[in-house]
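Single-structure report; data block below.
In this note's numbering, the protein residues as written are 1245 to 1312.
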C-alpha cells in the first residue's frame, strides 16, 4: 500500500465511522461547521493526513460520549 492508498483508506474509515454514528445524517455532519473542530467543516479537512486524524479523533469522542 503506497501513501495515496493509505490516505484513501483513512478517508474511507472516516466515512465508515461517521455512517455508524450519524446514519442518514452523515452527509449533513461532514458538510457542517463543527464547534469541536473550531468551526471547521469535516469534509474540508479530509485532504491531509492530519485533517483525517483530527476528524477521526472527533468521531471517536462523539462515539464514546466525550464532550470536552
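Yeah, the Cβ is synthetic: ideal placement off N, Cα and C, and Gly gets one too.
Residue i - DSSP class collapsed to helix/strand/coil
{"i": "residue 1278", "result": "strand"}
Rounded straight-line distance, which links the Cα of residue j to that of residue i
{"i": "residue 1276", "j": "residue 1261", "result": "17 Å"}
{"i": "residue 1273", "j": "residue 1284", "result": "11 Å"}
{"i": "residue 1294", "j": "residue 1309", "result": "22 Å"}
{"i": "residue 1301", "j": "residue 1268", "result": "21 Å"}
Contacting residues, own chain, Cβ-Cβ under 8 Å from residue i (five flanking each side not counted)
{"i": "residue 1264", "result": "1307"}
{"i": "residue 1298", "result": "1281 and 1289"}
Same chain, Cβ closer than 7 Å to residue i, neighbours up to 5 away in sequence not counted
{"i": "residue 1271", "result": "none"}
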